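**Student:**
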Amino acid sequence: TGTLTNGKVVVTDTAIDDTRDRFLLLSGALEKSSEHPLSKAVTNYVLDEGITLPDATEFEAVVGHGIQGMVDGTKVFIGNERMMKRSGIDPSNHLNKIHQYATEGKTAVMVAYDNMVQGVFALADTVKKDSAQALSQLEAMGIRSVMLTGDHKLTAEAIGKQVGVDQIYAEVLPDEKANIVAKLQEEGATVMMVGDGINDAVALVTADVGLAIGNGTDVAIESADVVLMKDQLMDVSSAIQLSKATIRNIKQNLFWAFIYNVIGIPIAAGLLYPSSGILLNPMIAAAAMSFSSVSVVTNALRLRGFKPRIYTSKKSDKSIDMIETEKKETTMKKELTVEGMSCMHCVGRVEKTLSQMDGVTSVSVDLDTKLAIVDLEAEISNEDFKTAIADQGYEVTAVK
């Protein structure tokens, strides 16, 4: 799922059974030892609450499940439902809350200590702007898309619905991703795996072509056959088109080089001399050989002017860029200056509040500039924005 989203995960909600300070201290201290994007989001959230975090000991990352370790003498487990069951902890009392977060497109992370689940973090990410366009482009090229994710089924379905994925496998472990890739290959499919995380490494190696996103983990990049330099999913279709253009170019060069030699070598060897007295002058032969090399190199250099084609979607007679243009024409944008935000938790609250307003299609909030950029498909008055933000304890001082 992280390949389709921006990777800027923030904590949006918490459901805590224990005292808030102890819950945040224990979970934040353990998450501080992990490099996972979700862990960083939780750590930042706790630090923004002004809590000083001790160092965890006996830290262990359980791939596809979560993390565990000791914090101030307390054994702490953080992860998904599988992690809790693996650790002998019953998560049933929190499954309704997890289901609720998942239906909202959020990832739920459970925190357990003292032999019971003490609370849940809900984290959310935003879908990359070009994800839906990239998958539509691949569909128009006759390529079927399959999402392999360790996220909750409902979360995966919420993201998949937004971007138009053909098939979804949710709650899968890293080795299960590789098994699904192998199964698709056994069914006769040629599989390109696109990934950016540690959990994608095995599947990247198993696929016919492994393609890593440029800002992915080192393990993913080392496991892939192709690495995109930019974090843009539209480059996936561009890479495929460039590959095919390169192969066509190679075949053309081989054809012309072969034709030159088939014609030139027999003449240079005197094949026509007995019947017609024709011999190939060495200077002409040298010029012909040079010309063949120049023509092959010139043909190869045409790839420098390669530009990927925007295909027409099967579901529409309009090209993708035409659809994007029409979307821009019907989308309005407003910039709100929001005062009172002091941490990423505040940013999450403002984003959530604005995104839930009718007519809002997307929201981007920057803590440093205090700006909230809102895309609209229907007009919303400035007063409505100010009232909604004021209800959360912040103030809109300017609207552009």
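Sequential numbering of the sequence shown, starting at 104, is according to this note's numbering. For each residue, glycine too, the CB sits at the ideal point set by N, CA and C. Quick caveat: nothing in here was measured; it's all calculated off a predicted structure.
In three-state DSSP terms, what is Thr206?
**Tutor:** Indexing the sequence shown from 1 puts residue 206 at position 103. Three-state result, Thr206: helix.
**Student:** Under 9 Å, do Leu127 and Ile170 count as touching if we go by C-beta distance?
**Tutor:** In the sequence shown, counting from the first residue as 1, residue 127 sits at position 24. In the sequence shown, counting from the first residue as 1, residue 170 sits at position 67. Against a cut-off of 9 Å, the Cβ pair of Ile170 and Leu127 comes out as no contact.
**Student:** What distance in whole Å lies between the Cβ atoms of Leu257 and His202, which are believed to be in contact at a cut-off of 8 Å?
**Tutor:** As a working mapping, residue 202 is identified with position 99 in the sequence shown. As a working mapping, residue 257 is identified with position 154 in the sequence shown. At roughly 7 Å, the Cβ-Cβ gap stays under 8 Å, so His202 and Leu257 are in contact.
**Student:** Could you spell out where the alpha helix (DSSP H) holding Thr456 opens and where it closes?
**Tutor:** Numbered from its first residue, the sequence shown carries residue 456 at position 353. Per DSSP, Thr456 belongs to the alpha helix (DSSP H) from 447 to 458.
**Student:** Let me confirm a value: Ala390 is counted as buried when at least 16 other C-beta atoms fall within 10 Å, else exposed. Which label applies?
**Tutor:** The sequence position of residue 390 within the sequence shown is 287, counting from 1. Its Cβ having fewer than 16 others within 10 Å, Ala390 is exposed.
**Student:** Measure the C-alpha to C-alpha separation of Val305 and Val339 and round it to an integer number of angstroms.
**Tutor:** The residue labelled residue 305 in the question sits at position 202 within the sequence shown. The residue labelled residue 339 in the question sits at position 236 within the sequence shown. Computed Cα separation, rounded: 19 Å.
**Student:** For Ser130, which of helix, strand or coil comes out of DSSP?
**Tutor:** The residue you call residue 130 lines up with position 27 of the sequence shown. Helix, per DSSP.
**Student:** Which one of Glu161, Lys135, Asp158, Phe162 has the shortest CA to CA distance from Val547?
**Tutor:** Outside the shown range of the chain, which is 104 to 503, sits residue 547, and nothing can be said about it.
**Student:** From the DSSP output, in three-state form, read off Gln171 for me.
**Tutor:** Looking up residue 171 in the sequence shown gives position 68. Gln171 falls in the strand class under three-state DSSP.
**Student:** Buried or exposed for Met444, please, with buried defined as at least 16 other CB atoms from any protein chain shown within 10 angstroms of its CB.
**Tutor:** Your numbering for residue 444 matches position 341 in the sequence shown. Classification for Met444: buried.
**Student:** Where are the beta strand (DSSP E) runs, 3 residues long or more, that stay fully inside the stretch 269 to 302, in chain order?
**Tutor:** Within the stretch 269 to 302, the complete beta strand (DSSP E) runs of at least 3 residues are 270 to 272, 295 to 298.
**Student:** Alpha carbon to alpha carbon, what distance is there between Arg405 and Ala371?
**Tutor:** Looking up residue 371 in the sequence shown gives position 268. Looking up residue 405 in the sequence shown gives position 302. Cα-Cα distance, rounded: 31 Å.
**Student:** Can you give me the Cβ contacts of Val266 inside the same chain, cut-off strictly under 7 Å, excluding the 5 residues immediately before and after it?
**Tutor:** Numbered from 1 along the sequence shown, position 163 holds the residue referred to as residue 266. Answer for Val266: Leu107, Val230, Ser234, Ala235, Leu238, listed in chain order.
**Student:** Count the other C-beta atoms from every protein chain shown that fall within 10 angstroms of the C-beta of Lys354, then say buried if there are 16 or more, exposed otherwise.
**Tutor:** On the sequence shown, residue 354 is found 251 positions in, with the first residue counted as 1. Exposed, because fewer than 16 other Cβ atoms sit within 10 Å of the Cβ of Lys354.
**Student:** For Thr270, does the count of other Cβ atoms within 10 angstroms reach 16, so buried, or fall short, so exposed?
**Tutor:** As a working mapping, residue 270 is identified with position 167 in the sequence shown. A quick correction: the sequence has Gln, not Thr, at residue 270. Exposed, since its Cβ has fewer than 16 Cβ neighbours within 10 Å.
**Student:** Rounded to whole angstroms, what is the Cα-Cα separation between Met447 and Thr456?
**Tutor:** Working through the sequence shown from its first residue, we reach residue 447 at position 344. Working through the sequence shown from its first residue, we reach residue 456 at position 353. If I take the Cα positions, the gap works out to 14 Å.
**Student:** Could you round the C-beta distance between Asp121 and Gln221 to whole angstroms and report it? I think they count as a contact, below 8 Å.
**Tutor:** As a working mapping, residue 121 is identified with position 18 in the sequence shown. As a working mapping, residue 221 is identified with position 118 in the sequence shown. Asp121 to Gln221, Cβ: 4 Å. Contact.
**Student:** The alpha helix (DSSP H) that contains Gln236, what's its start and end?
**Tutor:** Looking up residue 236 in the sequence shown gives position 133. 234 to 243 is the extent of the alpha helix (DSSP H) around Gln236.
**Student:** Near Asn109, which residues of its chain fall below 8 Å by C-beta distance, leaving aside the five closest residues on each side in sequence?
**Tutor:** As a first step, residue 109 is located in the sequence shown; it is residue number 6 there, counting from the start. The answer, listed in chain order, is Asp228, Thr229, Val230, Lys231.
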